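>
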Amino acid sequence: MSMYFHLICFLSAIILEISSVETQSSPLKFGLCLVPNVKENFEPTRFFADHWYKQLGDGSLFQDIVGICPTVQYQITDEGEIMSLDYVYNQMFQTYLTKPGRSFLQFTQNDLGYFKFTYYIAQGLLQTAFPMYIIDTDYDDWAIVYYCRPFMFVMKTEAAWVMSRSRNGTRVNDNIIRDANKKEWFGL
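So that you can map any letter, position 110 of the sequence shown is 110 in full-length UniProt numbering, and since no number is skipped, the others follow by simple counting.
Below, the structure written as structure tokens:
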């Protein structure tokens, strides 16, 4: 068989795989990442303290942790490292599934709510980085965040969430969500 034939087969397999992505339970989507406006005068020590609970949103960063009550817990170390632990409760296995990640306070630029988080996948053997855009927050009750990472120039892994400090709800009102949608087209 010729090299040309193998190349055609390989490219055909890639095209078939890409075309089936959105029909599967994959976090990959077609399109380019948004670059939204972020919170100005951002206070990372207030934001990255304690827990945030996902209340409303679209998209997923990870397809390997499936469950209910998605939560992220943050802690800032004395060295300025931002430790994150994303987790969900998996009812089938009756256990929590986790995804650790980290960033650094030194990455703050111009007091804007933008950070790049590195997450550890495949039992910590691999790393992947996601930009995190904090669109708006009052620090005490609610936050609107957006994550997106480009993949192969025409695809992305994307999520936009309304987060709350309370597990059972948020005080964020519809006007805040509506304003974020108008500015950034999130579809929340």
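We treat Cβ as the ideally placed atom computed from N, Cα and C, and that holds for glycine. Predicted, not measured: the structure shown is a model, and the values here were computed from it.
Since Asn90 sits in a beta bridge, which residues does DSSP pair it with?
The partner list for Asn90 (beta bridge, DSSP) reads Thr95.
> Which residue marks the beginning of the beta strand (DSSP E) containing Thr118, and which one marks its end?
114-121 is the extent of the beta strand (DSSP E) around Thr118.
> Is it buried or exposed for Ser19, if we count other Cβ within 10 angstroms and need 16 for buried?
With a pLDDT of 41 at Ser19, under the threshold of 50, the predicted position of this residue should be treated as unreliable, and no value is reported.
> Look at the Cβ atom of Tyr114, then the Cβ atom of Pro131, and state whether they are nearer than 8 Å.
Yes, Cβ-Cβ distance for Tyr114 and Pro131 is below 8 Å.
> Quick check on the burial criterion: 16 or more other C-beta atoms within 10 angstroms. Buried or exposed for Asp140?
Counting Cβ neighbours within 10 Å, Asp140 comes out exposed, since fewer than 16 surround it.
> Kindly identify the DSSP beta-bridge partner or partners of Gly59.
Answer is Ala159.
> CB Cys33 to CB Cys148, shorter than 8 Å?
Yes, Cβ-Cβ distance for Cys33 and Cys148 is below 8 Å.
> Report yes if the CB atom of Leu112 is closer than 8 Å to the CB atom of Phe30, and no otherwise.
No, these two residues do not count as a Cβ contact at 8 Å.
> Report the option in Thr71, Gln91, Gln94 whose CA atom is closest to the CA atom of Ser84.
Of Thr71, Gln91, Gln94, the residue nearest in Cα terms is Thr71.
> Taking C-beta to C-beta, are Thr118 and Gln109 nearer than 8 Å?
It is not a contact, given that the beta carbons lie outside the stated cut-off.
> Excluding sequence positions up to five away, which residues of its chain have a Cβ less than 6 Å from the Cβ of Val88?
If we look at Val88 and ignore the five residues flanking it on each side, its Cβ neighbours are Ile65, Gly67, Pro70, Leu97.
> Following the continuous beta strand (DSSP E) through Thr137, name the residue where it begins and the one where it ends.
Its beta strand (DSSP E) spans residues 126-137.
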